Amino acid sequence: MTEFSLDLLLKSIKLARSTYYYHLKQLDKPDKDQ
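Here the working numbering = 1-based position in the sequence shown + 1391.
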């Protein structure tokens, strides 16, 4: 049970990190509306 929880936690962290870096890159791009 603990291994499953740890696996789930690591997957959610990995997803959160990739989402964070994705948004960070999006912020670096010039705004389309300007």
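Built from N, CA and C at the ideal position, the CB exists for glycine as well. Please read all numbers here as calculations on a predicted model, not as lab measurements.
Exercise. How long is the line joining the alpha carbons of Thr1393 and Leu1406, rounded to whole angstroms?
Worked result: 20 Å
For this session: May I ask which residues mark the beginning and end of the alpha helix (DSSP H) holding Asp1419?
Result: 1393 to 1419
Exercise. Taking the C-alpha atoms as reference points, what is the distance between Ser1396 and Ser1409?
Worked result: So the two alpha carbons sit approximately 20 Å from each other.
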